[in-house]
Structure formats: C-alpha cells, structure tokens
Amino acid sequence: MANKTTAEKLATIQQGYTLQGATIELGAAIVDGEVHKEAQVRLPLAMMNRHGLVAGATGTGKTVTLHMIAEQLSTAGVPVFLADIKGDLSGLATPATGSEKLTARTSALGQDWQAKNFPVEFLSLGGDGNGIPVRATITSFGPILLSRIMDLNDTQESSLQLIFHFADQKNLELIDLKDLRAVIQFLTSDEGKAELAELGGLSKATAGVILRELVGLEAQGMEKFFGEPEFDTAELLRTAPDGRGVVSCLELPTLQTKPLLFSTFLMWLLADLFEDLPEAGDLDKPKLVFFLDEAHLLFNDASKAFLDAITTTVRLIRSKGVGIFFVTQTPKDVPADVLGQLANRVQHALRAFTPEDAKALKATVSTFPVSDYDLEETLTSAGIGEAVITVMNEKGAPTPVALTRLRAPESVMGPSTDELIKSTVASSSLLAKYGTAVDNVSAYEKLNGQSAAPTGDAAPGLPPVPSSVGVPAGSSQADIDAEARRIEEEILGRPSSRPASTTPESFPEPPAPLPVPQQAPQDSGMFGDIAGALGGALGGGLKSMVRSMGTQLGRDLMRGVFGTSSRRRR
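With positions in the sequence shown counted from 1, the corresponding number in the working numbering is that position plus 688.
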C-alpha cells in the first residue's frame, strides 16, 4: 500500500469504476488528501437490488446521501421509498438554491449541478402527520410483527399465532385492535372455553397476558394505525407522467415515542411487497429501492422468528426487483446474516471516543476488502459529506475501496414548506382512496351481534364474504366440509389438511343476516372457474359455497414469512 504512487492508486479506482450500463453517480475519489474529479465513483443501477448499507456516526451526512441517491433513482425512472425520520427528506419536492460555495464544491467534483424538484408522495402512518394515511389490517400485519410491537416473548408469540389461526379458520376478520381484543375475550370467556381447549398450547393465562398488552396498545393511541382502507403497497411502485420514479416519503413525526411500531410497520410494507411481487430475475434497473432508516430499531431485542423472517425477506426479495438499503450508525447494528447480503457499502465517518467505539471501528474495517487506504485512520478523519465506498460491479465483484467526496443534492437539503406538503397531499390521487377510515363488519361486530357504524363510503377492496352466506338449503355442515375437502385435494394434489368435521355448536352463531357493506366480488382465476363449473351443474348455492371455500383456502395458504396475509391476495 505504501509503495504505490498517487497515479497508481487513481488508476485502480478509475479502472474499478469504469462501468458499461446506467449508474448512480456518487462522487469523486479522494486520494492522498486531494479530490480527483477524473476518478468518478459510481454504483451500477442494475446492482441496486443487491441491497446496501449506509452507515456512519450522527451528523456525518447519511441523510444527505440518501437524498442524493433518491434523486438519481427517480430521474432513472425507479420508484423510491424513504422513511423521513427528521423531516428533511420532504425537501425533495422543492428545487434547491445555488450559491458560490455550492458551485465551488460541485465544480471540484465534476458535477453538472442544476436545481430540480422531484415527484414526491407524502405518506403518514395512520394519518399521524400531514401525509396520506397508511394503515394495515391486523390480519395483514400478522402475529410475528404484532408480537414485535407488543414486546411478547417467544411463548406468547406462538400463542398469538394460534389466535390468528383460530380467527382465520372461523372467518373472523381481524381488521383493527378491537377485533383482536374481541376474539381473545371470547376465547377466555366461559362461552369460548371449548374453543380455547381445542387450540393446543394456548393457556387462558397467556391469552390474558396478550389481552392486557393489547389494551395497552389501545391506551397508547395505536388503534389509528390499524384498520381500513388498508394501504396497497403497489402504490410504492408508481412512476410520474414524465417517467420519473415517484418518491414515497413516509413522515414519522413521533418516532421517538413509538420506535418499535414505526420500524415494524416499515417491515410490514416490505413483507407485503415480498408476498405480492412476482419473480423478476435480473433487471436493468430495480422496480423499487427501499431505504430503511434507523435500521437498528428493527433488530434491537428482536425474537429469533422475527430475525429469521427479515433474513429470508432480504435474501429472496432481490429476485423480485427490490433493493433494500439499511441506514444506521455502525455495521454491527445489523445481524451478520443480513449484513452478509448487503453488497453496496457507503460508510461515513465513525468516532472512536470510547473503547466500545474503538471495537466497532475495528469490526467495520474488517468488513471491507483490502485497499490502498489505512481505513482506521480514514474512517475517523473523513469529513462531513465524505464516505468510504465499495459496491458490486456489473460482473458481481466488489469494486476497489474509495474514499469519496459525495455529490450535492439538487433539491432542498431540508424540509419543504408546510404549504407545499399540504397542497401536494390535497392534489394526490391517493387521498380519496385512503383519506377516510372505514369500519366494515368484522370479528368485533360478529361476536357482539352488532352492525358496523356508518363511516362513509368504503374504499376499493372487498371484505371476505361470510362463510354462512349462500350455503345451499338442505345441506348439512358435514356435506359442505366434505365437498370443501374434496375440492382442496383436487386443487392441491395432496390430502386435505381440513378437519373431517367441524363443531359449530361450540361457536356462537353470527347475527343473521350479516350486513355485507359492499357488493360481493366477481369470481376470477382458478376458484372462479371451479365455482362457475360447479355452480352451473349444481346451482348457485353451491357456487357461493365454493367461492367461500376458495376464500378460506386462500387465507390458509397465503400467510407469508412474517405471518402476514393481505386480504387483497385472498
């Protein structure tokens, strides 16, 4: 390392970052203390789905780095998702103002800087902020993610999974917190003790603990984050009319009071995308790049099931065209199994004020390839807006390590005005779809014999038709179960997992007739074909029964790695 000349070091970087396809321009290399604009450091656009890590101490420029990368992704037609922790990223919607200092910096980097704004969609969790409300149903969120928010132990998490399974099997839709509370209260009541006994491994005491934690969530005001209309994560994949990728900016104004909720909600968005998107293979550019800021919140005190689910999602979602960038202070914040899958590294400065800091510094240095830099010295002396970079090239090999002065964003490095944000939200096509919460008939209403309170027009997306609707007159429950098992075996090509008989007597009958707030969906796909064929031969009642069976079967089969299950996929 010490024997190389500056010219030789530059030649290594220039050769390593000479790429053929479209790229994200990161900045100019710093070699022997000088910025060399002839040595440009870049990241292949096609390799963005190999995931990445942006790390560094507080105040070293991580957020500005996200800002700059997001701008170029949008320009390349790639949608971006950002969690706006501090509110600074809303500035993407506002052109920056030039200055002599900015011109001097960008000229030294070889950057042709122009003030621009970008297409931004402002989102907020449950309407907690100015953006379009983002909600999830409890059933979609799933037991593993919900356990994370409720801080349940492994035994309690397993018990919660049994409760979800019970609700799925009994067609009790878990839309919001009161639905889950109603199901748990039923199971712990005298009326439900027979059903509780059939759920092997679920004790009344554990159910009571879960119920208390659930009431605690409601007391903290978290009920507004769960409900309908549920946010469709396909909204994150949109492009603007001019072809640029839409930047979905999720504002988190109260992150510090609910860190687990917010970090877990981000994982739900990612898990929902994972379940919905088809396999895509290697693409010229990703379908979406997803930035997970404050990534350490995801992993702190996480259960093994949660960590395994994250690892599986990160490993497999690459082939669906989605890139994930974790943003945190040090690489040690990310578990080794996840860190090993992050091919693109942007490491800002680290501090070594304490023995723990020094240990983290050495661990960080050990994760980089051998280079021409003394990385321990470089990482503690790098300035704001500088970072040590290595990425995956188009051949799948790591590029040379390069200390880089990063390019400047072309939009405002700070928040946009409240007026601009509010006007953008008011003109958004998503406002009519997600702006008003609705309360359709679900588990709470069924178990309490109530109809849902009117809350205005429901958004697109239909609740499952209750299984009691449309059963042919004169058919016994055993006949219906037998037919459902036969069709399931025919579809799946294996013995049915459905029980040979059910005992509806042990479960309270829902009020009849149940109000169905929206028109039933049209038959489509495989189950629609089966229902149509059987309905034509045997009458509309059996057709309705088969449709309900198909809905139930879809629910049984479509829970993902986090236990998530979107009603849109049923």
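Beta carbons: idealized from backbone N, C-alpha and C, even for Gly.
1) Whole angstroms is fine: what's the gap from Val977's alpha carbon to Tyr1132's?
2) Ignoring anything shorter than 4 residues or poking outside the region 892-918, list the alpha helix (DSSP H) runs there in chain order.
3) Could you please give the first and the last residue of the uninterrupted beta strand (DSSP E) stretch that includes Ser787?
4) Only counting runs of 3 or more residues, tell me where the beta strand (DSSP E) segments fall wholly within the region 924-977, in order along the chain.
5) Could you check the C-alpha separation between Leu733 and Ile712 for me, to the nearest Å?
6) Which of the three DSSP states, helix, strand or coil, is assigned to Glu713?
7) Got a sec, what are the start and stop residues for the alpha helix (DSSP H) Lys1110 sits in?
8) Ignore the nearest five residues each way along the sequence and tell me which others in Leu899's own chain have a CB closer than 6 Å to its CB.
9) Report all residues from its chain with a CB closer than 7 Å to the CB of Thr942; omit the five preceding and five following residues, and keep chain order.
10) Give the single residue among Ala928, Trp956, Lys912 whose Cα lies nearest to the Cα of Thr921.
11) Buried or exposed for Phe769, please, with buried defined as at least 16 other CB atoms from any protein chain shown within 10 angstroms of its CB.
12) Just the C-alpha distance for Pro1198 and Leu868, rounded to the nearest angstrom, thanks.
13) Between the C-alpha atoms of Ala1147 and Asn1032, what's the straight-line distance to the nearest angstrom?
14) Taking DSSP as the reference, what is the three-state secondary structure of Ala1096?
15) Could you name each continuous beta strand (DSSP E) segment of 3 residues or more that falls completely within the region 817-843, going from the start of the chain to the end?
16) Report yes or no: do the region 934-953 and the region 830-842 share at least 3 C-beta pairs separated by less than 8 Å?
17) Going straight from the alpha carbon of Leu1091 to that of Ala716, what length do you get?
18) According to DSSP, is Leu707 helix, strand or coil?
19) Just to check my reading of the structure: Gly1009 and Leu1038 have Cβ atoms closer than 8 Å, yes? What is that Cβ distance to the nearest angstrom?
20) Looking only at its own chain, which residues have a Cβ that is under 8 Å from the Cβ of Arg1003, when we skip the five neighbours before and after it?
21) What separation, rounded to the nearest whole angstrom, lies between the Cα atoms of His984 and Gly969?
22) Buried or exposed for Pro1043, going by 16 or more other Cβ atoms inside 10 Å?
23) Report back the beta-carbon spacing between Asp981 and Val1015 to the nearest angstrom; my notes put them in contact at under 8 Å.
24) Taking just the CA atoms, how far does Val1129 sit from Phe874?
25) Quick one, which of Gly1123, Pro1097, Ser1116 has its alpha-carbon nearest Met751's?
26) Along the chain, where does the beta strand (DSSP E) containing Lys725 start, and where does it finish?
27) Mapping the DSSP letters down to three states, classify Phe874 as helix, strand or coil.
28) Looking only at its own chain, which residues have a Cβ that is under 6 Å from the Cβ of Thr1105, when we skip the five neighbours before and after it?
29) Hey, Pro1088 and Gly721: beta-carbon distance below 7 Å or not?
30) Would you kindly work out how many angstroms separate the C-alpha atoms of Gly880 and Asp839, rounded to a whole number?
31) How many angstroms separate the CA atom of Ser1307 from the CA atom of Val1026?
32) Any idea which residues DSSP pairs Val1026 with across the strands?
33) Measure from the alpha carbon of Thr1018 to the alpha carbon of each residue in Thr748, Gln728, Leu731, then state which is nearest.
34) Can you tell which of Asp842, Leu995, Pro974 has its C-alpha closest to the C-alpha of Ala959?
35) What do you reckon, is the C-beta of Val1100 under 6 Å from a heavy atom of the ligand ADP?
36) Cutting at 6 Å between CB atoms, please list the residues of its own chain near Gln702, excluding the five before and the five after it.
In short:
1) Answer to the nearest angstrom: the Cα atoms are 38 Å apart.
2) Fully enclosed alpha helix (DSSP H) runs of no fewer than 4 residues occupy 892-907 of the region 892-918, in order along the chain.
3) Unbroken run through Ser787: none, as it is neither H nor E.
4) Listed in chain order, the complete beta strand (DSSP E) runs (minimum 3 residues) inside the region 924-977 are 935-939.
5) Between Leu733 and Ile712, the C-alpha separation is close to 6 Å.
6) In the structure shown, Glu713 sits in a strand (DSSP, three-state: E or B).
7) Looking at the DSSP string, the run of the alpha helix (DSSP H) that includes Lys1110 is 1106-1114.
8) Excluding residues within five positions, the ones whose Cβ falls inside 6 Å are Ile872.
9) The beta carbon of Thr942 lies closer than 7 Å to those of Asp816 in the same chain, with the five residues before and after it left out.
10) Looking at the Cα atoms, Trp956 is the closest of the given residues.
11) Buried is the call here.
12) For Pro1198, the predicted structure reports a pLDDT of 40, less than 50, and the residue's modelled location is therefore unreliable. The matter cannot be settled from this model.
13) In this prediction, Ala1147 has a pLDDT of 39, which is less than 50 and means its spatial position is unreliable; what the coordinates show is noted afterwards. Rounded to whole angstroms, Ala1147 and Asn1032 show a C-alpha spacing of 40 Å.
14) DSSP places Ala1096 in coil when its eight states are reduced to three.
15) Taking only runs of at least 3 residues, the beta strand (DSSP E) segments lying wholly in the region 817-843 are 820-822.
16) Of all C-beta pairs linking the region 934-953 to the region 830-842, three or more are shorter than 8 Å, placing the two stretches in contact.
17) Answer to the nearest angstrom: the Cα atoms are 8 Å apart.
18) Coil.
19) Incorrect: roughly 32 Å between the Cβ atoms, too far for contact.
20) For Arg1003, where only same-chain residues beyond five positions count, the Cβ hits under 8 Å are Gln1029.
21) Their Cα atoms are separated by approximately 29 Å.
22) It counts as exposed.
23) That pair is a contact at about 4 Å.
24) In this structure, the CA atom of Phe874 is about 17 Å from the CA atom of Val1129.
25) The sequence given here has Thr at residue 751, not Met. Closest option to Thr751, Cα to Cα, is Pro1097.
26) For Lys725, the uninterrupted beta strand (DSSP E) run begins and ends at 722-732, by DSSP.
27) Helix, per DSSP.
28) Its chain contains no residue whose beta carbon lies nearer than 6 Å to that of Thr1105 once the 5 sequence neighbours on both sides are disregarded.
29) It is not a contact, given that the beta carbons lie outside the stated cut-off.
30) Between Gly880 and Asp839, the C-alpha separation is close to 26 Å.
31) Residue 1307 is absent from the structure shown; the chain starts at 689 and stops at 1258.
32) Val1026 is not bridged to any residue.
33) Closest option to Thr1018, Cα to Cα, is Thr748.
34) Residue Leu995 is the option with its Cα nearest to Ala959.
35) As presented, the structure is devoid of all ligands, the ligand ADP included, so that no description of it is given.
36) For Gln702, same chain residues with a beta-carbon under 6 Å away, outside a window of 5 residues either side, are Ala727 in chain order.
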